[in-house]
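Residue numbers (my numbering): 8 to 174.
See the structure below:
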């Protein structure tokens with residue numbers, strides 16, 4: 008009896024997730040969320056975090072547009088990685104890390120271009136266990152999102168500060 012009571016909500020939630028969450032468009036990138044809203048943006052980051060924690064590279068890379076760039080502007084750094092270089096680095100981490108923990112907190116969202124673009128400020132905590140060592144730090148990032156025919160993707164991330172957490 009208890010199994011029946013618990014099974015119905017699980018089936019309903021699972022079917023909702025499977026129908027509302029497609030992976031990539033015909034272009035090979037983006038995540039179908041239908042519209043760019045506060046809720047769908049938070050959902051996008053939650054899905055990205057979950058993909059990182061599962062170390063699911065194929066799913067993770069689908070979030071980034073072909074023109075994606077990752078900019079590091081922390082302290083005196085000023086480096087840029089484009090999509091291929093960034094994803095090569097991530098793929099190496101996913102293949103060799105014992106574990107990846109990523110948690111992103113959306114702090115602020117500004118919309119532009121009639122709601123087709125969003126500038127999102129996030130606080131990210133990352134902990135990676137790799138090669139017998141643990142790297143743990145928090146960062147502030149500016150993330151530029153875009154939506155095209157319901158497909159949401161990341162165009163650019165700019166890391167503005169980083170703090171290493173000593174363990």
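Positions of the beta carbon are idealized from the N, C-alpha and C atoms, including for glycine.
{"Asked": "Take residue 37 and list the residues in its own chain whose beta-carbon comes closer than 8 Å to its own, dropping the five residues that flank it on each side.", "Found": "31, 69, 70, 72, 155, 158, 159 and 160"}
{"Asked": "According to DSSP, which residues form a beta bridge with residue 123?", "Found": "Per DSSP, none; premise fails for residue 123."}
{"Asked": "Give me the Cα-Cα distance between residue 171 and residue 96, rounded to the nearest whole angstrom.", "Found": "19 Å"}
{"Asked": "If you reduce the DSSP assignment to three classes, tell me which class residue 55 lands in.", "Found": "helix"}
{"Asked": "What residue range does the beta strand (DSSP E) around residue 151 cover?", "Found": "140 to 155"}
{"Asked": "Helix or strand or just coil, what does DSSP make of residue 98?", "Found": "helix"}
{"Asked": "In this structure, what does DSSP give as the bridge partners for residue 171?", "Found": "144"}
{"Asked": "With three or more C-beta pairs closer than 8 Å as the rule, is the segment 86 to 93 touching the segment 119 to 128?", "Found": "no"}
{"Asked": "If we ignore side chains and look at the alpha-carbon of each, how far apart do residue 135 and residue 112 end up?", "Found": "18 Å"}
{"Asked": "So what does DSSP say about residue 42, is it helix, strand or coil?", "Found": "coil"}
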